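Sequential numbering from 0 applies to the sequence shown in numbering that gives the first Met the number 0.
Positions of the beta carbon are idealized from the N, C-alpha and C atoms, including for glycine.
A quick note: this is a predicted structure, and the numbers were derived from the prediction, not measured.
Heads up, the thing below is written out as structure tokens.
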Amino acid sequence: MEYIVEYSTQYERDTWYPAEIFNYTGLVQSTSIKVILRPSILYQFRIRTRNRVGISLPSAPTQTECGIPPRVPAINPSELYVYGSLRNNLIIRWTTLPYIEHYGSNLGYILTITCLNCDIIPRTAVNNTVIGDWRTDLITLTSFRVGVQVYEIETFKQFRVTIQSRNEKGVSTAQPTVALGYSGEAVPTITPPVPIVVNATARGAILQWQAISAAELPQVNGYFRGYRIEWCNATLDTAQCEAQFRFQDLILQIPSTPVLYSRRRRSVPDETYSSSYFADQLIQEDDLDSDEYTADQQHLGHRPQQTSEWHSFYERYNITVHPIKPSLSSVCRVYPKGNISCPGAGPFPRAAQSPSVIGEAYQATMTRPARQAQLPFENLMRGPIQPKFVLGQTINYTLTGVPGASTVRIWLRILNTRFAGPMGPTVTITTKEDTPGPVANLQAVAVSVTYADITWTPPSEPNGVVTGYEFEAKERKLLLMSVFAKCPVYGRSTELVS
């Protein structure tokens, strides 16, 4: 037989928890025991007994409350996040301390904020913010106050934030929790160069251009991730091109720490995410829209491709990657033909498309253990985890998904974590002739004893000049019989009489 000691506090008298046993080594079989008490908590205790059959009903609770005097908090919030959702704001979020860790009355938090690379805010300036309500777990700064001087939060600058808890007895003696993060991003202002067409292929072209230099990075207004390659039929005017363009994303690098966080939308079923998913994720739905914007118009979102180098990033920061059903993809639902990585949008299945196509095929969700606050300081300062990319290098890219024997206009945009920048100069190419796409709406409109009228629709992507059709038929019985016929094109004929 053993004893189970339970306690309740003045905050939750009807809720009982297992007591913390001092020097606990296993079963409690003595009729007296030492328990660990937290300052400024009034405890009541009760006892249960347990044998091999089960657990007894609890005893009557102690009539008197016991506790120890308050003192300064022993810990600080363990999770601290620093990020931005708009071009001129800085969001700081942390986990609050439970009652049992208050160690006294009037618990609050002290934040110290410094900018490490600002152009206007002095790098030695320190903003001290006192949070009086212990329930507060988020603040959004649009200005940086130092004494009587007020500065506006600059776009995509790195900030260092520390947090300490404090109560009526003083400030916590534990080491402050430290986190680094960036203020919000803005639309890139830099225009990419015109791509050079090295060679036109039947399904696209081999393109070449010069990557941005280190001197041009400030114009990205965020973390430089790569380029977006967009194209449309050269016969379309500007309005038609904006409605019918397609694109592929070339991701060259990703940040070593998250630049922003996304929150699970309530419309996505729970089974889409693993049990480790942190449902109360860092940005509220009103703080950040999940859609991506460019300098000209709203564009489609993009996600990183799944390669071995990317998996190391996911494993390091505990990012869970889940396949997203096409029906749940807002991007593919709104722009079904824009991004060729959307299911059914391109002439080929997804597996046959370029591995650099980034679409809504995957969604990355940040799990709770991926906390900025507990990353080593030197890791927080580390650059991209893909060392193969060098600023200013020559980029060679194979564009795919373009119909054969067609003339298209191609241009580039620069990507940061949230935005695509203005379009660059266009280049026109004509792809080579390729195998035509499949016909559609094949059906027998009339069937007689000796013949059948067969109709179909020409392929939506002929990829050249269609010179005829090849018709094949096979008897449905288990007989080795088949019929094969060729039908030349006469005008727009799509009818075969056999």
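- Taking 7 angstroms as the cut-off, the beta carbon of E432 is found closer than this to the beta carbon of G463.
- Remark: C-beta atoms of P38 and P69 approach each other more closely than 7 angstroms.
- Boundaries cannot be given for C65, as no alpha helix (DSSP H) includes it and DSSP labels it neither H nor E.
- With fewer than 16 other beta carbons inside 10 angstroms of its own, P217 counts as exposed.
- At a Cβ-Cβ threshold of 7 angstroms, R408 and G420 do not count as neighbours.
- In the DSSP assignment, E1 falls within the unbroken beta strand (DSSP E) covering 1-8.
- Note on N75: 16 or more other CB atoms within 10 angstroms of its CB, so buried under the neighbour-count rule.
- Excluding residues up to 5 positions away in sequence, V81, I138, V160 lie with their Cβ nearer than 6 angstroms to the Cβ of I91 in the same chain.
- Taking a C-beta distance under 7 angstroms as the contact criterion, R86 and T154 qualify as a contact pair.
- In the DSSP annotation of this structure, the continuous segment of the beta strand (DSSP E) that includes C231 starts and ends at 225-232.
- Cα atoms of Y98 and Y42: separation of roughly 13 angstroms, rounded to the nearest angstrom.
- Within its own chain, the residues whose Cβ lies closer than 6 angstroms to the Cβ of T61, once the five positions on either side in sequence are excluded, are Q43, F44, listed in chain order.
- Counting C-beta pairs closer than 8 angstroms gives fewer than three between the region 433-453 and the region 245-252, which falls short of the contact rule.
- Going by DSSP, A451 is part of no alpha helix (DSSP H) but of the beta strand (DSSP E) stretching over 451-456.
- Sequence-distant Cβ neighbours of I35 in its own chain, meaning closer than 7 angstroms and more than five residues away, are E19, F21.
- Note on V186: 16 or more other CB atoms within 10 angstroms of its CB, so buried under the neighbour-count rule.
- Residue range 237-243 is occupied by the alpha helix (DSSP H) that includes Q239.
- Looking only at P402, S55, G53, V446, the smallest Cα-Cα distance to A201 is reached by P402.
- Segment contact: the region 124-131 against the region 97-111, three or more CB-CB distances shorter than 8 angstroms; contact assigned.
- Across the structure, T24 and Q157 are spaced so that their CA atoms are roughly 47 angstroms apart.
- DSSP assignment within the region 179-224 yields the following whole beta strand (DSSP E) runs of 3 residues or more, N-terminal first: 195-199, 204-209.
- Nearest Cα to I54 within the set I67, C65, Y226, E5: E5.
- Take A233, set aside five residues on each side of it, and the residues of its chain with a beta-carbon closer than 6 angstroms to its own are T406, V407, R408, T427, in chain order.
- Under DSSP, the beta-bridge partners assigned to L398 are A204.
- Taking the Cβ atoms as the reference, I46 lies roughly 5 angstroms from S58, within the contact range of under 8 angstroms.
- In this chain, the beta strand (DSSP E) harbouring P17 covers 11-17.
- Beta-bridge partners assigned by DSSP to W410: E229.
- Here DSSP, grouped into helix, strand and coil, assigns I99 to helix.
- For F388, no pairing in a beta bridge is given by DSSP.
- A Cβ-Cβ separation of about 11 angstroms leaves S182 out of contact with N116 under the 8 angstroms criterion.
- Assignment of N126 by DSSP, reduced to helix, strand and coil, places it in the strand class.
- In the three-state reduction of the DSSP assignment, E153 falls in the coil class.
- Per DSSP, the unbroken beta strand (DSSP E) holding V145 starts and ends at 142-145.
- Across the set A210, D118, G180, the C-alpha of A210 shows the shortest separation from the C-alpha of P194.
- D13 has its alpha-carbon roughly 25 angstroms from the corresponding atom of N50.
- F244 places its beta carbon less than 7 angstroms from that of C231.
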